[in-house]
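For reference, the structure is listed below as structure tokens.
In our numbering, the protein residues as written are 2 to 176.
The following block contains the structure:
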């Protein structure tokens with residue numbers, strides 16, 4: 002981590018955090034996915050809709066962790082039981098993890114991901130799974146460095162009603 006940044010704080014999100022989470026989600030998508038998702042879709046992401054989405058998720062079984070610097074949320078990770086029809090009770094999922102682009106590549110994403118893994122382990126999960134876009138080399142290198150391994154499982158995901166059809170690869174880490 003860069004010396005000038007204060008020690009981050011990682012905590013469980015509250016309903017009041019939904020808008021900040023939505024803002025980071027949109028900003029990260031606009032920067033990270035500009036090579037995968039059409040620009041028109043990225044530019045028209047709705048803060049109101051994303052805020053409602055995160056408000057609803059925080060209210061449900063999805064646990065959301067936020068990472069703060071100077072009491073400002075700069076990233077989040079959502080965790081839940083693995084969402085697959087043949088999942089078993091030992092399988093947890095990191096369903097989303099994003100940092101504001103201004104905080105990329107300084108170690109904060111690693112801290113947030115490790116906190117998510119730790120939380121899933123504390124909940125009794127033995128295997129952590131996550132989906133990543135096949136062409137997202139930056140994210141794949143990040144997960145590789147943290148000990149995740151790509152599996153042979155893939156899926157095609159449609160984003161925004163025909164705006165983008167993207168292949169995702171399932172990664173796993175046994176803990």
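C-beta: ideal position from N, C-alpha, C; glycine also.
- Under the DSSP definition of a beta bridge, residue 79 partners with 65 and 97.
- Counting along the chain, residue 49 sits inside the alpha helix (DSSP H) bounded by residues 48 to 60.
- The C-beta separation of residue 11 from residue 116 comes to about 5 Å, placing the pair in contact by the 8 Å criterion.
- If you draw a straight line from the Cα of residue 28 to the Cα of residue 41, it is about 14 Å long.
- Distances from the CA of residue 24 to each of 7, 111, 172 and 49 were compared; the closest alpha carbon is that of 49.
- When 82, 127 and 103 are compared, the shortest CA-CA separation from residue 75 is found for 103.
- In this structure, the beta-carbon distance from residue 9 to residue 65 does not fall below 9 Å.
- Per DSSP, reduced to three states, the secondary structure at residue 30 is helical.
- Counting only residues of its own chain and dropping the five nearest sequence neighbours on each side, residue 79 has a CB closer than 6 Å to the CB of 63, 65, 96 and 97.
- For residue 87, no beta strand (DSSP E) run applies, since DSSP gives it neither H nor E.
- Assignment of residue 176 by DSSP, reduced to helix, strand and coil, places it in the coil class.
- With contacts defined as CB atoms closer than 9 Å, residue 129 and residue 94 qualify as a contacting pair.
- Checking the DSSP bridge columns, you'll see residue 134 partnered with 169.
- Between the alpha carbons of residue 157 and residue 56 lies a distance of about 27 Å.
- Around the C-beta of residue 77, 16 or more other C-beta atoms lie within 10 Å, and the residue is accordingly described as buried.
- In this structure, the alpha-carbon of residue 89 lies about 29 Å from that of residue 16.
- At a Cβ-Cβ threshold of 9 Å, residue 134 and residue 169 count as neighbours.
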